[in-house]
Structures are given as structure tokens and as C-alpha cells.
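A quick write-up on the structure given underneath.
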Amino acid sequence: MTKKLFIKSYGCQMNVYDAERMTDVLKPIGYSVTDRPEEANLVILNTCHIREKAAEKVYSELGRLNREKIKRTGKDNQMILAVGGCVAQAEGAEIVRRAPYVDMVFGPQTYHRLPEMVARAHRDANVVLDTDFPVESKFDHLPEPSAPNGYSAFLTVQEGCDKFCAFCVVPYTRGAEFSRPTTQVLAEAAHLVAGGVKEITLLGQNVNNYHGSCDDGGEWSLGRLIHEMARIDGLSGIRYTTSYPADMDDELINAHRDVEQLMPFLHLPVQSGSDRILKAMNRRHSSGDYRQIVARLRSARPDLALSSDFIVGFPGESDKDFEKTMDLVREIGFVQAYSFKYSPRPGTPAAAEPLQVSEAVKSERLAALQDLLNDQQLAFNRDCIGKEMNVLLERPGRKPGQLVGRSPYMQAVQVNAPESLIGSLVTLAITDAHGNSLSAHLGSAPTGPFVSEKRAIA
Ligand code: 5AD
Ligand code: SF4
2 MTKKLFIKSY
12 GCQMNVYDAE
22 RMTDVLKPIG
32 YSVTDRPEEA
42 NLVILNTCHI
52 REKAAEKVYS
62 ELGRLNREKI
72 KRTGKDNQMI
82 LAVGGCVAQA
92 EGAEIVRRAP
102 YVDMVFGPQT
112 YHRLPEMVAR
122 AHRDANVVLD
132 TDFPVESKFD
142 HLPEPSAPNG
152 YSAFLTVQEG
162 CDKFCAFCVV
172 PYTRGAEFSR
182 PTTQVLAEAA
192 HLVAGGVKEI
202 TLLGQNVNNY
212 HGSCDDGGEW
222 SLGRLIHEMA
232 RIDGLSGIRY
242 TTSYPADMDD
252 ELINAHRDVE
262 QLMPFLHLPV
272 QSGSDRILKA
282 MNRRHSSGDY
292 RQIVARLRSA
302 RPDLALSSDF
312 IVGFPGESDK
322 DFEKTMDLVR
332 EIGFVQAYSF
342 KYSPRPGTPA
352 AAEPLQVSEA
362 VKSERLAALQ
372 DLLNDQQLAF
382 NRDCIGKEMN
392 VLLERPGRKP
402 GQLVGRSPYM
412 QAVQVNAPES
422 LIGSLVTLAI
432 TDAHGNSLSA
442 HLGSAPTGPF
452 VSEKRAIA
């Protein structure tokens with residue numbers, strides 16, 4: 002009998018990747034995916050612990066799911082309720098205290114053991130708790146991924162973090178930095194491309210610090226890995242995220258100049274423009290370092306579009322510090338960005354700092370920063386009107402007859418086009434710009450470079 006699996010992922014793209022791999026692990030024991038929790042026999046909340054709000058959402062969702070769980074009667078109709086991901090890793094048994102009806106709690110490094118956990122959950126009334134950091138990598142135990150179900154895909158190449166920024170839970174939830182061996186990564190990339198994938202986003206919490214071992218006993222950097230991936234026939238786009246400024250080395254910067262498939266977009270979190278705050282955050286770069294790195298990147302790839310993360314209201318942040326963040330944003334110019342109010346996370350050094358910033362001040366600063374970032378994003382989007390871009394059309398859009406894809410600069414692009422073009426890289430003429438996306442017409446035939454300055458066809 003096939004059993005139904007429902008996974009809901011929160012937070013970052015790595016959780017999206019992990020959810021797919023969990024599905025691969027559970028398929029051999031009879032689980033197939035459903036998008037309806039009401040019919041699921043196993044529900045997994047794949048959680049995020051990065052900010053308080055993200056973690057709290059999990060508990061309200063658990064309450065809702067429990068109402069469904071208690072309706073189930075009969076042996077074959079039961080629901081196993083599981084919490085995976087970073088909240089599970091950080092809170093462990095605390096989850097069971099707050100939500101005693103949860104059957105399984107497991108962290109991001111143990112999901113290869115899901116079949117055993119599920120068997121134990123069936124046998125045993127006690128909660129199954131597995132939040133170890135196993136010595137052996139889960140990647141050595143995961144089955145071959147199933148056929149991809151789209152034209153763009155994520156591929157985790159690096160996981161964990163040794164940077165210990167003072168605000169961040171990731172080093173505690175994802176564990177120490179680890180890079181997957183190059184052969185494993187290249188085999189997975191080739192498998193994705195053989196299954197129809199045309200664009201791959203390499204994932205890692207510190208992806209640009211990738212240093213995977215290769216067969217000759219040496220190590221490859223991310224720049225080298227990207228060069229090798231670009232040789233895979235049929236792969237037209239490569240992206241990577243998330244990067245740490247101090248780890249942008251020459252090989253990677255030069256890949257932006259030399260590798261045509263590497264998209265001209267980079268997410269490079271800076272967090273703050275104030276050196277005093279960057280130091281208090283335990284970041285290993287100053288605002289000047291960041292400016293220099295951006296200058297090197299832009300000289301390698303002049304049209305590189307930048308995105309970033311910002312935290313406002315970090316403990317001790319003064320008006321002057323915040324102004325430095327605004328100055329940096331004005332100076333660099335970002336095409337999109339994520340900005341957050343500082344959220345104290347249990348167990349991180351910054352949470353214990355005495356000089357916490359008030360909610361009201363955080364809100365004020367966040368609004369000012371987001372106004373500026375939104376203006377920059379809209380200006381960049383407007384600047385795209387009249388240009389032609391090669392876009393991989395990925396799926397139907399919200400309106401009938403519409404398809405959507407991503408521009409080389411990561412903007413969502415909508416176009417009226419026949420469904421037969423899903424999965425094709427097509428040239429689009431950008432006709433209109435919105436806050437978060439672009440509209441386009443089908444343009445001329447695909448050409449070599451990803452963006453041309455030709456005027457749009459009216
Ligand atoms: N509070 C607010 N934002 C945070 N981030 C990480 N930890 C916190 C926190 N405690 C943000 C950082 C990071 C992004 C993924 O989330 O900007 O780059
Ligand atoms: Fe968190 Fe800093 Fe590591 Fe990024 S580099 S995951 S912000 S500790």
C-alpha cells in the first residue's frame with residue numbers, strides 16, 4: 002500500500018533541497034508525496050530557526066495539524082507528525098514539551114535515517130528524537146536523487162558554518178562546515194541535467210568557502226567547481242548562494258568574467274555598513290573590505306547585479322551606525338535585498354548583550370532601509386525596459402496564457418507564450434517593470450550573450 006507524505010518547508014533554499022532528499026529517502030519504503038496534509042500518513046515540518054517569528058510559526062502549524070491527527074482512527078489511517086530542520090535541531094525535546102503529540106524530531110544532518118525513525122515511531126509510543134551530528138556525512142547515505150521535476154534545481158555542495166556571527170544560530174543548527182566531494186557534486190549535477198534541468202543553483206551556508214576534496218587528493222574551490230560544471234552539455238545557467246564577503250577569492254571572481262553560464266547576479270550579505278557593528282557582530286570584514294570586493298567583482302563582470310542581507314537594530318546600533326548602513330546601500334546599489342529587525346536567538350552571544358535596541362527604533366530603521374532598497378530595486382527593474390534578455394521559462398504564470406522565468410539578474414519575468422516553450426531558453430524583450438518583477442514580449446531568436454542592449458520590439 003502506498004502511504005502519503007506531506008512536507009512543508011520553511012526558510013531557506015537548503016530546506017527546499019532537503020525536503021526533496023527526504024522524499025527520495027522515504028520513497029523506497031512506500032511513501033509518495035501529497036500536497037494535502039489531510040490525506041497524509043506522515044507529515045514533516047521542515048523548519049527554520051533563523052528568527053523568532055520563523056520558529057514560532059512552527060508551533061501554530063503543529064496545533065493545526067494535531068486537530069487533523071486526532072481525527073484519524075484505524076491502524077492504516079494514522080498520521081505520524083514529525084518536526085525536522087533547524088528548530089528541531091535547536092529545540093529538540095523542548096518541542097515535545099510544548100507539543101506532546103509530536104511523534105518524531107530530527108535535525109538537518111540525520112534525515113538519511115528517516116526510514117528507521119518511521120519504523121520506530123510505528124512500534125513505539127515514545128517520541129523518536131534524532132538530533133545528532135553524525136560523524137559520517139548524510140550525503141554518503143542518501144539514495145540517488147529521483148528524476149528532477151523542473152528546469153531549474155538546487156544542489157547542496159556545502160553545508161554548515163564555522164563563522165559564528167554573534168546573532169546567528171546556523172553554526173549551532175547546521176553544524177560545522179563541510180564540503181561535498183567534487184565527484185559527488187558533479188555526478189548529481191550531471192544527473193539533474195540528464196533529467197532536463199538547465200539551470201542549477203549551488204547551495205551552501207558559506208557556499209563560496211566550498212573546498213571539496215577531489216579524486217587526486219587535492220581540493221577544488223567554488224570557482225574551480227563552477228568551471229568544471231560549465232562543461233556539462235545542456236547546462237545553460239549556474240548560480241550559487243549564500244556567500245560570505247571575506248571568502249570571495251580571485252578564482253571565483255574571475256569565474257564571473259570567464260564562465261558564460263555563470264549568471265551575473267550575486268547574493269552577498271553585508272549585514273551592516275558600520276564597522277563598529279560589523280566588529281560586534283563578529284563579521285570578518287569591514288565595510289571598506291565589502292566595497293573593495295564589490296569593486297573587484299564589478300571589474301570582472303561590469304553588469305553584475307548585487308543582492309544582500311541586512312540586520313537593523315543589532316545590540317548597540319546607534320543612529321550613526323544605521324546611517325552608515327544607509328550610506329553603504331546608496332553607494333553600492335542593490336537590485337534586491339532582504340532586511341530584518343535583529344531578533345535575539347537563544348544561545349547566541351548577541352542575545353545576552355545589554356544594549357538591546359527598542360522595537361520602535363528597529364521598526365523605524367527597517368522602514369527607512371526598505372524604502373531605500375525598494376527604490377533601488379524599482380529603478381533597476383525600470384532600467385531593464387527596452388533590453389533583451391535570455392530567460393529560461395520555467396512554469397505557467399498566474400494568468401492564463403502566461404509563463405514565468407527568471408532573468409539573468411534573478412528578476413521574475415512574465416510573458417505571454419505558448420506552454421510548449423516551458424523549459425526553453427528564449428530571448429525576451431522587456432516591456433514593463435514592477436516592484437518585484439518584469440513583463441516581457443517574446444523577442445528575437447536566442448543569441449549567445451545573456452543580455453543585449455538592443456531596443457525592444459514595440
Ligand atoms: N536576527 C535577524 N536576522 C538574522 N539573520 C540571521 N540571524 C538573524 C537574527 N538573529 C539574517 C541575516 C542572514 C539572513 C539569512 O538572516 O541577515 O544573512
Ligand atoms: Fe550565520 Fe554568519 Fe554563518 Fe552566515 S556566516 S550562516 S550569518 S554565522
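FYI, the working numbering numbers position 141 of the sequence shown as 142, with every residue one higher than the one before it.
Even for Gly, the Cβ is constructed at its ideal location relative to N, Cα and C.
All values reported here derive from a predicted model rather than from experimental measurement.
query	result
Nonlocal neighbours in the same chain, by C-beta distance under 6 Å from Thr132, ignoring five residues either side	Gln90, Gly93, Gly108
Among Glu145, Leu298, Glu21, Gln159, the one whose alpha carbon lies nearest that of Leu6	Glu21
Own chain residues within Cβ distance below 6 Å of Ala446, not counting five before or after	Below a pLDDT of 50, predicted positions are generally treated as unreliable, and Ala446, at 48, falls in that range; the measurement from the model is reported next regardless. Nothing meets the Cβ criterion.
Rounded Cβ spacing between Ile227 and Gln272 (contact assumed at less than 8 Å)	That belief does not hold up - the Cβ atoms of Ile227 and Gln272 are roughly 25 Å apart, past 8 Å.
CB contact flag (Gly406, Leu393, <8 Å)	yes
Exposure label - Glu356; buried when at least 16 CB within 10 Å	It is Leu, not Glu, that sits at residue 356 in the sequence shown. Exposed, by the Cβ-count rule.
Neighbourhood of Lys455 by C-beta distance below 6 Å, restricted to the same chain and skipping five residues each side	Any reading at Lys455 is ruled out, since the residue's pLDDT is 41, under 50, leaving its predicted position unreliable.
Nearest candidate by alpha-carbon position, reference His460, set Gly436, Thr428, Ile201	The shown model of the chain, from 2 to 459, leaves out residue 460, and the question about it has no answer.
Any non-hydrogen atom of the ligand SF4 within 7 Å of Lys28 CB	no
Closer than 7 Å: Cys385 CB and nearest the ligand SF4 heavy atom	no
Residue-chain proximity (Asn209, chain C), Cβ-Cβ < 8 Å	This model lacks chain C altogether; it includes just one protein chain.
First through last residue of the alpha helix (DSSP H) which encompasses Tyr410	It is not in any alpha helix (DSSP H) - Tyr410 carries neither H nor E in the DSSP assignment.
Extent of the continuous beta strand (DSSP E) run through Asp433	426 to 434
Where the beta strand (DSSP E) containing Tyr245 begins and where it ends	From DSSP, Tyr245 is part of no beta strand (DSSP E); its letter is neither H nor E.
Ser344 Cβ short of 7 Å to the ligand 5AD heavy atom set	yes
Backbone CA spacing between Arg460 and Thr183 [nearest angstrom]	The first residue shown for the chain is 2 and the last is 459, placing residue 460 beyond what the model contains.
Opening and closing residue of the beta strand (DSSP E) in which Glu200 lies	200 to 204
Any non-hydrogen atom of the ligand 5AD closer than 7 Å to Asp216 Cβ	no
Which listed residue (Ile8, Asn16, Asp104, Ser138) has its alpha carbon closest to that of Ala122	Asp104
Reduced DSSP secondary structure (H/G/I, E/B, other) of Leu27	helix
Selection from Lys342, Pro246, Phe266, Val128 that minimises the alpha carbon distance to Glu53	Lys342
First and last residue of the uninterrupted beta strand (DSSP E) at Tyr486	Because the chain is modelled from 2 through 459, residue 486 falls outside the range shown and cannot be assessed.
Where Pro447 sits in the DSSP three-state scheme	Low confidence applies here, because Pro447 scores a pLDDT of 47, under 50, leaving its location unreliable and the question unanswered by this model.
Rounded C-alpha distance that separates Pro38 from Arg396	24 Å
Close Cβ partners of Lys4 (< 6 Å) along its chain, the five nearest in sequence each way excluded	Gly31, Tyr32, Asn42
Three-state class that DSSP yields for Asn47 in the structure shown	strand
Beta-bridge partners of Ile81, as assigned by DSSP	Leu43
Opening and closing residue of the alpha helix (DSSP H) in which Lys70 lies	53 to 70
C-alpha gap between Phe315 and Leu298, whole angstroms	28 Å
Per-residue burial, Tyr11 [other beta carbons within 10 Å of its own, 16 or more giving buried]	buried
Nearest to Gln110 (by Cα), restricted to the options Pro101, Tyr102, Phe134, Arg98	Phe134
Separation of Gly398 from His113, as counted between CA atoms	35 Å
Local Cβ density within 10 Å of Glu189, reported as buried at 16 or more and exposed below that	buried
Proximity to Pro303 [Cα-Cα], best of Leu267, Asp376, Ala434, Leu236	Leu267
Test item: CB-CB of Leu462 and Tyr410 under 8 Å	Within the shown structure, residues of the chain are numbered from 2 to 459, placing residue 462 beyond reach of any answer.
DSSP state of Phe341 mapped onto helix, strand, coil	strand
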